[in-house]
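See structure below.
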Amino acid sequence: MKLLAPTSSTTGNVRHKHFYPKFKEVDLSKENFNRFKQRPVEGDLTKENETFVYKWSQTKHMMSPLKQAPWLKGEWTPQSKRAGVIAIKLGMQPLWTKEGKRVPTTLLQVLECNVIDFHPQGLNGSDRPGTVLVAAKNAPPYYKDEEYADLFKSVCLPVKEHITSFNVTDNAALQPGTPLYAAHFRPGMYVDIAAKTIDKGFQGVMKRWGMKGQPASHGATKTHRKMGGSGGGGDPGRIWPGKKMPGFMGDKLRWTFGLKVLRVNTKHNILYVKGTIHGRNLGFVKVKDSHLHPVSEMPPFPTYYPEEEIEEDLMDESLHNFSHASIEYEIEEEEVS
791 MKLLAPTSST
801 TGNVRHKHFY
811 PKFKEVDLSK
821 ENFNRFKQRP
831 VEGDLTKENE
841 TFVYKWSQTK
851 HMMSPLKQAP
861 WLKGEWTPQS
871 KRAGVIAIKL
881 GMQPLWTKEG
891 KRVPTTLLQV
901 LECNVIDFHP
911 QGLNGSDRPG
921 TVLVAAKNAP
931 PYYKDEEYAD
941 LFKSVCLPVK
951 EHITSFNVTD
961 NAALQPGTPL
971 YAAHFRPGMY
981 VDIAAKTIDK
991 GFQGVMKRWG
1001 MKGQPASHGA
1011 TKTHRKMGGS
1021 GGGGDPGRIW
1031 PGKKMPGFMG
1041 DKLRWTFGLK
1051 VLRVNTKHNI
1061 LYVKGTIHGR
1071 NLGFVKVKDS
1081 HLHPVSEMPP
1091 FPTYYPEEEI
1101 EEDLMDESLH
1111 NFSHASIEYE
1121 IEEEEVS
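Position in the sequence shown counted from 1, then plus 790, gives you the working numbering.
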């Protein structure tokens, strides 16, 4: 039996799924450790070498970007565009308003988030906007390749697990190495959130597109969950591109716009966002200011700095704070006759 090679028309719209190992395998055999011989201790150094090493270490740390003078903060304008943060989706929890209405919220934790680099607008003669490179959650360096780990050496930061970029205006520039916190946002602000949807694998048309399928009985044989006709016919004699068919479902980046921040816990760096978002729990999400609700008042600009003293728990005015008394009784004084 001879198999015919697929034509370009049949493979042009096929989504190929590739699976990659999450981490690189580390050789922990005994032979691999033979190259790690005992390093010379401090007592083995001569005075000349000790002086040289001391001067070299001083020069190295003086050239560190963390020792540079802090950048000047830009002035906020209504057209300013701030950077966002990378957060981890923890799950959902309900909150209650002062009227007793239950509001479902999603918890997002900003964990070990730092600025890695800043590229000003029009870099190298291009017309691209300014970008801020942000990374989050420390990761073991031997799980990442050397080229990726070199991104963090220049800013003296540990290797991060997730990295992304945000478009910003030049007055919202952030110095590399700057930490980002949940207090970057305040209750009452609106945010846009991007996350990867849950991977469902290869699914049929009933689950993927919500089609009705075929009859369950009365003569139907082995066609119960099929889509039926594909609409080719004699003219045009082919299937139009974009036809809804079985295929891989999920594992795509999707945005959710205009979600309100109801609560901010500054101690544990947790955002309480109204509603639901895409993705699985413990997955990374991208949070930035919403373009649907422009900010009328100045937010923490260009970001929140720990020198600013704020409360541990910031809540929206519409929420009921359970640490406050909900009912107060007045003690009536008895009249003495």
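Virtual Cβ for every residue (Gly too), placed ideally from N, Cα, C.
Residue range of the alpha helix (DSSP H) that R1053 falls in?
What you label residue 1053 is simply residue 263 of the sequence shown in a count that begins at 1. Looking at the DSSP string, R1053 is not in any alpha helix (DSSP H); the run it does join, the beta strand (DSSP E), is L1043 to N1055.
Let's see if you can read the secondary structure: which residues bound the alpha helix (DSSP H) around V995?
Here residue 995 corresponds to residue number 205 of the sequence shown, with the count starting at 1. It spans V995 to R998 - the alpha helix (DSSP H) in which V995 sits, taken as one unbroken run.
Any contact of the stretch 1075–1082 with the stretch 905–915, i.e. 3+ C-beta pairs under 8 Å?
no
If we ignore side chains and look at the alpha-carbon of each, how far apart do D1106 and F1038 end up?
Counting from one through the sequence shown, the residue named residue 1106 turns up at place 316. Counting from one through the sequence shown, the residue named residue 1038 turns up at place 248. Linking D1106 to F1038 through their CA atoms gives a straight-line distance of about 40 Å.
So the alpha helix (DSSP H) F975 belongs to, where does it begin and stop?
One-based indexing of the sequence shown puts residue 975 at position 185. Neither: F975 is in no alpha helix (DSSP H) and is coded neither H nor E.
I need the straight-line Cα distance from E951 to G967, nearest angstrom please.
Mapped onto the sequence shown, residue 951 falls at position 161. Mapped onto the sequence shown, residue 967 falls at position 177. One C-alpha to the other measures close to 16 Å.
Looking at the unbroken beta strand (DSSP E) that takes in D1079, where does it start and where does it end?
Position 289 of the sequence shown holds residue 1079. First-last of the beta strand (DSSP E) with D1079: F1074 to D1079.
Measuring only the C-alpha atoms, how far is P1096 from I988?
Position 306 of the sequence shown, counting from 1, holds the residue named residue 1096. Position 198 of the sequence shown, counting from 1, holds the residue named residue 988. Answer to the nearest angstrom: the Cα atoms are 35 Å apart.
Beta-carbon separation of P774 and A972 under 9 Å?
Residue numbering for the chain in the displayed model covers 791 to 1127; residue 774 lies beyond these limits and cannot be assessed.
DSSP-derived helix/strand/coil call for W886
Start at 1 with the first residue of the sequence shown, and residue 886 comes out as number 96. The answer is strand: DSSP assigns W886 an E or B state.
How many Å lie between E936 and A1115 at the Cα?
Residue numbering aside, residue 936 sits at position 146 when the sequence shown is read from its first letter. Residue numbering aside, residue 1115 sits at position 325 when the sequence shown is read from its first letter. Their Cα atoms are separated by approximately 56 Å.
Starting from the N-terminal side, write out each stretch of the beta strand (DSSP E) that is 3 residues or longer and does not extend beyond the stretch 1094–1122.
1103–1105
Decide if E1125 is buried, meaning its Cβ has at least 16 other Cβ atoms within 10 Å, or exposed.
For this step, residue 1125 is matched to residue 335 along the sequence shown. With fewer than 16 other Cβ atoms within 10 Å, it is exposed.
With 16 as the cutoff for other CB atoms within 10 Å, does G874 come out buried or exposed?
To locate residue 874, count along the sequence shown from 1; it is residue 84. By the neighbour-count rule (16 or more Cβ atoms within 10 Å), G874 is buried.
So for E951, helix, strand or coil by DSSP?
Along the sequence shown, one-based indexing puts residue 951 at 161. Three-state result, E951: strand.
Euclidean distance between Cα positions of D940 and K934:
By 1-based counting over the sequence shown, the position of residue 940 is 150. By 1-based counting over the sequence shown, the position of residue 934 is 144. One C-alpha to the other measures close to 10 Å.
Kindly indicate the opening and closing residues of the alpha helix (DSSP H) around D907.
Here residue 907 refers to the residue found at position 117 of the sequence shown. Here D907 belongs to no alpha helix (DSSP H); instead the beta strand (DSSP E) covers C903 to H909.
Can you round the beta-carbon distance between A925 and L898 to whole angstroms, since I take them to be within the 8 Å contact cut?
Translated into positions along the sequence shown, residue 925 becomes position 135. Translated into positions along the sequence shown, residue 898 becomes position 108. Contact doesn't hold; Cβ gap of about 16 Å is too wide.
Using the Cα positions of A859 and S1113, report the straight-line distance between them to the nearest angstrom.
Numbered from its first residue, the sequence shown carries residue 859 at position 69. Numbered from its first residue, the sequence shown carries residue 1113 at position 323. Each residue's alpha carbon lies about 42 Å from the other.
What is the DSSP secondary structure of N1071, counted as helix, strand or coil?
Along the sequence shown, read from residue 1 onward, the residue named residue 1071 stands at position 281. Three-state DSSP puts N1071 in coil, outside helix and strand.
Count the other C-beta atoms from every protein chain shown that fall within 10 angstroms of the C-beta of A1092, then say buried if there are 16 or more, exposed otherwise.
The residue you call residue 1092 lines up with position 302 of the sequence shown. According to the sequence displayed, residue 1092 carries Pro and not Ala. P1092 should be labelled buried.
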